[in-house]
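Since the structure comes first, as structure tokens, the remarks are kept for the end.
Numbering (the numbering used here), first residue to last: 10 to 375.
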């Protein structure tokens with residue numbers, strides 16, 4: 010008998026589970042209907058996901074051949090393949106978007122990772138994707154690089170839904186929330202009735218933080234350092250959630266809330282457990298809280314559905330979380346420097362996936 014845990018995550022704890030995967034098989038074979046029935050309430054994608062999907066399936070061949078015959082460039086062909094999948098998923102998740110009054114049912118698609126340090130290019134690309142896809146439940150993914158913080162503000166001010174991705178540190182997270190509020194304030198000045206229609210999530214990455222910090226703690230090797238392994242990411246996320254609650258209860262927010270504005274929900278990303286010594290649902294079980302999202306890879310979704318726990322945990326012992334962050338600093342872990350490193354690596358990884366796939370498509374064209 011199938012588990013109800015994913016449904017209960019939302020119904021009991023107020024957290025929306027989204028699936029972190031998209032491939033054409035899921036649309037063609039009816040898998041998304043099964044996924045929706047399990048309690049999944051949204052979908053995210055990224056350049057690495059599309060690289061694996063397109064290179065690993067023959068279902069894209071016919072459309073690829075047609076695009077090539079029409080004389081499209083390799084990159085334009087890539088976007089045709091991606092947008093077809095996105096629109097297919099948006100149509101499947103659309104009824105949930107309607108029934109949840111715009112809370113869930115979103116599908117995220119990322120601007121080109123080549124634009125990660127280009128504010129103007131990111132704004133233009135986000136507008137073009139938004140217009141081309143033309144679905145109210147699409148979210149445009151934009152990286153939380155320093156260059157793109159003002160881009161996020163501008164895109165939100167245009168009434169476009171944004172999934173801010175690649176957040177690894179607390180300072181940058183605050184900048185993202187502030188950009189969202191400023192964007193809505195601009196929108197309120199120009200078109201106040203549109204404020205209630207805008208949705209956004211801030212994707213705070215989890216397991217990659219522990220992977221990098223655990224490696225450094227092993228290198229330090231002291232008892233104090235080794236006892237901190239596997240604790241940094243959850244501790245940082247708990248403090249981030251406290252920041253979220255504070256930011257979206259202040260004076261600046263209250264005036265927007267009167268116009269029907271939605272909070273920018275924290276989304277826990279990278280929640281698969283990389284270290285086999287850790288429980289496989291650790292980054293779900295320990296980060297449950299209202300008005301948040303957890304985006305799950307397939308294996309983590311299945312593991313949580315099988316044996317996850319349902320209880321609000323992200324607000325537990327936040328003072329203890331701050332103590333962990335202080336202890337990490339004491340043993341020589343610089344959280345800001347690590348966030349900068351992981352952001353850089355994340356951008357490079359998505360760029361590599363994007364360029365590798367373009368190279369494969371180019372070779373196939375020839």
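In this text, a Cβ means the ideal position worked out from N, Cα and C, and glycines have one as well.
What you are looking at is a predicted structure, and each value in this text was computed from that prediction instead of being measured.
242 is the residue among 242, 272, 287 whose C-alpha sits nearest the C-alpha of residue 327. Per the C-alpha coordinates, the member of 95, 132, 126 positioned closest to residue 114 is 95. Scanning 359, 285, 247 for the CA closest to the CA of residue 333 turns up 247. About 5 Å separates the beta carbon of residue 152 from that of residue 175, a gap short enough to meet the 8 Å contact definition. Contact between residue 197 and residue 23 does not hold, since the beta-carbon distance rounds to 26 Å and is not under 8 Å. CA-to-CA, the gap between residue 50 and residue 102 works out to about 8 Å.
The beta carbons of residue 193 and residue 207 sit about 7 Å from each other, so the pair counts as a contact at 8 Å. Beta-bridge annotation (DSSP): residue 174 is paired with 152.
Taking the Cα of residue 37 as reference, the smallest distance to any Cα among 132, 235, 100 is reached at 100. In this structure, residue 52 lies near residue 116, with their beta-carbon atoms less than 9 Å apart. In the DSSP assignment, residue 60 falls within the alpha helix (DSSP H) that extends over 56-64. The Cβ atoms of residue 215 and residue 296 lie closer than 9 Å to each other.
Proximity of the stretch 70-78 to the stretch 127-139 falls short of the contact definition, fewer than three beta-carbon pairs being nearer than 8 Å. By the Cβ rule, the stretch 309-324 does not count as touching the stretch 340-347, because fewer than three pairs are nearer than 8 Å. 351 is the residue among 367, 362, 351 whose C-alpha sits nearest the C-alpha of residue 178.
Looking at the DSSP output, residue 262 sits in no beta bridge, so it has no partner there. Residue environment for residue 75: exposed (fewer than 16 other C-beta atoms within 10 angstroms of its C-beta). When DSSP states are grouped into helix, strand and coil, residue 50 belongs to the coil group.
Per DSSP, the continuous alpha helix (DSSP H) segment holding residue 256 begins and ends at 241-256. Measuring C-alpha to C-alpha distances from residue 149 to each of 66, 183, 54 identifies 54 as the nearest. Contact annotation: the stretch 284-296 does not touch the stretch 253-271, with fewer than three C-beta pairs closer than 8 Å. Sequence-distant partners of residue 271 (beyond 5 residues in either direction) whose C-beta falls short of 6 Å from its own C-beta, in its chain, are 208.
Exposed is the label assigned to residue 155, since fewer than 16 other Cβ atoms lie within 10 Å of its Cβ. Annotation for residue 234: the continuous alpha helix (DSSP H) segment containing it runs 232-235. In the DSSP assignment, residue 211 falls outside any alpha helix (DSSP H) and lies within the beta strand (DSSP E) extending over 209-214. The three-state secondary structure of residue 288, taken from DSSP, is coil. As the crow flies, the alpha-carbon of residue 277 is around 41 Å from that of residue 375. Cβ-Cβ distances below 7 Å link residue 63 to 69, 90, 366 in the same chain, with the five nearest sequence neighbours on each side left out; the list follows chain order.
A distance below 8 Å between beta-carbons, with the five flanking residues on each side excluded, links residue 136 to the following residues of its chain, in chain order: 164, 167, 169. One thing to note: residue 204 has its Cβ within 9 Å of the Cβ of residue 265. Distances from the CA of residue 200 to each of 143, 269, 255 were compared; the closest alpha carbon is that of 269. A Cβ-Cβ separation of about 6 Å places residue 302 in contact with residue 210 under the 8 Å criterion. Scanning its chain for C-beta atoms nearer than 7 Å, with the 5 sequence neighbours on each side dropped, one finds around residue 229 the residues 340, 341, in chain order.
For residue 157, the closest C-alpha among the options 121, 141, 139, 305 is that of 121. Just so you know, the alpha carbons of residue 245 and residue 226 end up roughly 16 Å apart.
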